[in-house]
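Here is the structure we will look at, set down as structure tokens.
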Amino acid sequence: MSITVFIRYQLDPFKRAQFEEYSKRWLTIIPKCGGDLIGYFMPHEGTNNIAFALITFESLAAYEAYRARLRQDAEGMANFRFAEEHKFILGEERTFLRKVVL
1429 MSITVFIRYQ LDPFKRAQFE EYSKRWLTII PKCGGDLIGY FMPHEGTNNI AFALITFESL
1489 AAYEAYRARL RQDAEGMANF RFAEEHKFIL GEERTFLRKV VL
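To convert a position in the sequence shown, counted from 1, into our numbering, add 1428.
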């Protein structure tokens, strides 16, 4: 059963441009490490301190393998360090979704 990881970010609203740069870097890193990146999203209007990401995996085991590969990936680790240095992400929540079939 495939899963989609829904990530909700709480951002420093004065550092949104840095979050956008961070997000763009994941466009190649995530697929290289095994995730199917649906995308990163920010509100067009309204709340200015949140963003979202959606990434799909074949299974929870595939997600765990992806996380292990990500920890070994030089570009991925550099992007994590970029976020830590600039502190634009204030909080992060992950929810694992399954598709509801009617």
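C-beta atoms are modelled at their ideal positions from N, C-alpha and C, and glycine is treated no differently.
Predicted model, so just to flag it, every value in this text is computed and none were measured.
When the alpha-carbon of TRP1454 is set against those of PRO1441, PHE1469, LYS1443, the nearest one is in PHE1469.
By the beta-carbon neighbour count (other beta carbons within 10 angstroms, threshold 16), ASN1476 is exposed. The DSSP-derived three-state label of PHE1524 is strand. Secondary structure of PHE1480 (DSSP, three-state): strand.
Annotation: THR1456 is outside any beta strand (DSSP E); the continuous alpha helix (DSSP H) that includes it extends over 1444-1461.
Here the C-alpha atom of ALA1502 lies approximately 11 Å from the C-alpha atom of ARG1509.
Counting only unbroken stretches of 4 or more residues, the alpha helix (DSSP H) elements lying wholly within the region 1483-1510 are 1488-1500, in sequence order.
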